[in-house]
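Participant: Okay, so the sequence shown: first residue is 73 according to my numbering, each after it adds one. For every residue, glycine included, the Cβ atom is placed at its ideal position computed from N, Cα and C.
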Amino acid sequence: MFYKERIEELLKNKSDRKISRVILEEMNKMGLITVNEEKCIKCEQCIKECPSFVLKMGQKGPEEVADSTCISCGHCVAVCPVNAIDNSKTPKDKQVDAKDFSKLNGEQVEHFIRSRRSIRSYQEKSVSREELTKLVDIARFAPTGSNSQGISFLVVEDKQLVEKATELTIRMIEKSPLKDSLKGLIRSYREDGVDSILRGAPNLIITTADKDFSGGRGNSISCLTYLELFAPSIGIGTCWAGFFEYCAGIKGSPLPKLFNIPEGKIITAAVMVGYPKYNYKKLVDRNPLEVTYL
73 MFYKERIEEL
83 LKNKSDRKIS
93 RVILEEMNKM
103 GLITVNEEKC
113 IKCEQCIKEC
123 PSFVLKMGQK
133 GPEEVADSTC
143 ISCGHCVAVC
153 PVNAIDNSKT
163 PKDKQVDAKD
173 FSKLNGEQVE
183 HFIRSRRSIR
193 SYQEKSVSRE
203 ELTKLVDIAR
213 FAPTGSNSQG
223 ISFLVVEDKQ
233 LVEKATELTI
243 RMIEKSPLKD
253 SLKGLIRSYR
263 EDGVDSILRG
273 APNLIITTAD
283 KDFSGGRGNS
293 ISCLTYLELF
303 APSIGIGTCW
313 AGFFEYCAGI
323 KGSPLPKLFN
333 IPEGKIITAA
343 VMVGYPKYNY
353 KKLVDRNPLE
363 VTYL
């Protein structure tokens, strides 16, 4: 019996007072994986694709060697050609059958990737909460080191907060070693109200991570890259908020306090978000390819 079915049976037959304890006990009994022995063809794909070497082949099918090293990547369940294995850390009822989706061809993917633009001119209206939620939801599927994940998202819907963040960032730049090289940016903001920090974007999406998590920055970049690639498909533009990120990381920065970042967490990355004011008609070029083959 698979994980979900067993838990559902317990929920039906046990009193509320005992549910938590019973489920925990049963999970411990069941271990990491369950295998439908009648379906399993012992192809060993689950074993070969496990990055942590958690599984081995037994007489009746794959068996776990050490569940504590499982990184919850879901490969073992996703790769099985006969749907015979389940994993309590990544239940197959949470996975989607890939054959339900058609694959893009190379030309379509190239066009999709090259059409991504940094948007610096936004419409006034805020992005709907439904669409903002879609953005951060897709971001959580991005690859992270050893599937460490560990990234939280802060979605700023209040434009006054975004504008305050611009003001605080400018103040910090005025006191930083960057002030001379960015004097034009500062002057245009102070004299003409031109926002070159967050570009007048109506929304801002910030990632945070535990301050002692070494993968926080890298994982955040991966997540927000997924987010910004997805955004144009629902009519949304994004741009990396580099000056904001720089100032948010300075010791004593007022920006984490502005956004009520919890103690022990740090801002790891941020992107501006909004509906683009203009549409691009061309795919731009880049520097010539530089590559070495060995």
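Terminal residues of the continuous beta strand (DSSP E) containing residue 226?
Facilitator: It spans 224-228 - the beta strand (DSSP E) in which residue 226 sits, taken as one unbroken run.
Participant: Identify, in the order they occur along the chain, each residue of the same chain with its Cβ nearer than 6 Å to the Cβ of residue 220, setting aside the five sequence neighbours on each side.
Facilitator: Excluding residues within five positions, the ones whose Cβ falls inside 6 Å are 287.
Participant: Here's a check: name, in chain order, each residue in its chain whose Cβ is nearer than 8 Å to the Cβ of residue 137, leaving out the five neighbours to either side.
Facilitator: Hits under 8 Å: 125, 126, 127 and 128.
Participant: Residue 281 and residue 340 - do their beta-carbons sit closer together than 8 Å?
Facilitator: Yes, they are a contact pair.
Participant: Following a CB-centred definition, is residue 245 positioned closer than 7 Å to any heavy atom of the ligand ADP?
Facilitator: Ligands are entirely absent from the displayed structure, and the ligand ADP is therefore not among its contents.
Participant: Measure from the alpha carbon of residue 344 to the alpha carbon of each residue in 258, 233, 132 and 147, then state which is nearest.
Facilitator: Of 258, 233, 132 and 147, the residue nearest in Cα terms is 233.
Participant: Would residue 299 and residue 237 be called neighbours here (beta carbons separated by less than 8 Å)?
Facilitator: Contact flag unset, no.
Participant: Would you mind sorting residue 358 into buried or exposed? The rule is 16 or more other CB atoms within 10 Å of its CB.
Facilitator: Exposed, since its Cβ has fewer than 16 Cβ neighbours within 10 Å.
Participant: Counting pairs of beta carbons, one from the segment 316-334 and one from the segment 237-248, are three or more of them closer than 8 Å?
Facilitator: Contact between the segment 316-334 and the segment 237-248 is present, because at least three Cβ pairs lie under 8 Å.
Participant: What residue range does the alpha helix (DSSP H) around residue 209 cover?
Facilitator: 201-211 is the span of the alpha helix (DSSP H), which, as asked, contains residue 209.
Participant: Grab me the residues of residue 145's own chain with a C-beta within less than 6 Å of its C-beta, minus the 5 sequence neighbours each way, in chain order.
Facilitator: The answer, listed in chain order, is 219.
Participant: Go ahead and pull the three-state DSSP assignment for residue 311.
Facilitator: Three-state DSSP puts residue 311 in a strand.
Participant: Just list the residues that DSSP pairs residue 282 with in beta bridges.
Facilitator: Paired residue(s): 337.
Participant: Ignoring anything shorter than 3 residues, give me the beta strand (DSSP E) runs that lie fully in the segment 100-182, in order along the chain.
Facilitator: With a minimum length of 3 residues, the continuous beta strand (DSSP E) runs that stay inside the segment 100-182 are 105-107, 127-129, 134-136 and 157-159.
Participant: Which one of 140, 183, 278 and 215 has the shortest CA to CA distance from residue 226?
Facilitator: Nearest C-alpha to residue 226: 278.
Participant: Would you kindly work out how many angstroms separate the C-alpha atoms of residue 283 and residue 331, rounded to a whole number?
Facilitator: C-alpha separation (whole angstroms): 16 Å.
Participant: Does the separation of the CB atoms of residue 151 and residue 121 fall below 8 Å?
Facilitator: Yes. Within cutoff.
Participant: Kindly identify the DSSP beta-bridge partner or partners of residue 348.
Facilitator: Looking at the DSSP assignment, residue 348 forms a beta bridge with 194.
Participant: Under the rule that 16 or more other beta-carbon atoms within 10 Å means buried, what is residue 153, buried or exposed?
Facilitator: Exposed, by the Cβ-count rule.
Participant: Alpha helix (DSSP H) containing residue 290: first to last residue?
Facilitator: 288-302 is the extent of the alpha helix (DSSP H) around residue 290.
Participant: Under DSSP, the alpha helix (DSSP H) around residue 255 begins and ends at which residues?
Facilitator: Residue 255 -> alpha helix (DSSP H) spans 255-264.
Participant: Rounded C-beta distance between residue 49 and residue 269? I'm assuming under 8 Å.
Facilitator: Residue numbering for the chain in the displayed model covers 73 to 366; residue 49 lies beyond these limits and cannot be assessed.
Participant: Alpha carbon to alpha carbon, what distance is there between residue 335 and residue 188?
Facilitator: Answer to the nearest angstrom: the Cα atoms are 35 Å apart.
Participant: May I ask which residues mark the beginning and end of the alpha helix (DSSP H) holding residue 242?
Facilitator: Looking at the DSSP string, the run of the alpha helix (DSSP H) that includes residue 242 is 231-246.
Participant: In the DSSP assignment, find the alpha helix (DSSP H) that holds residue 329 and state where it starts and stops.
Facilitator: Note, residue 329: alpha helix (DSSP H), 327-330.
Participant: Could you check what DSSP says for residue 277 in three-state terms: helix, strand or coil?
Facilitator: Strand at residue 277.
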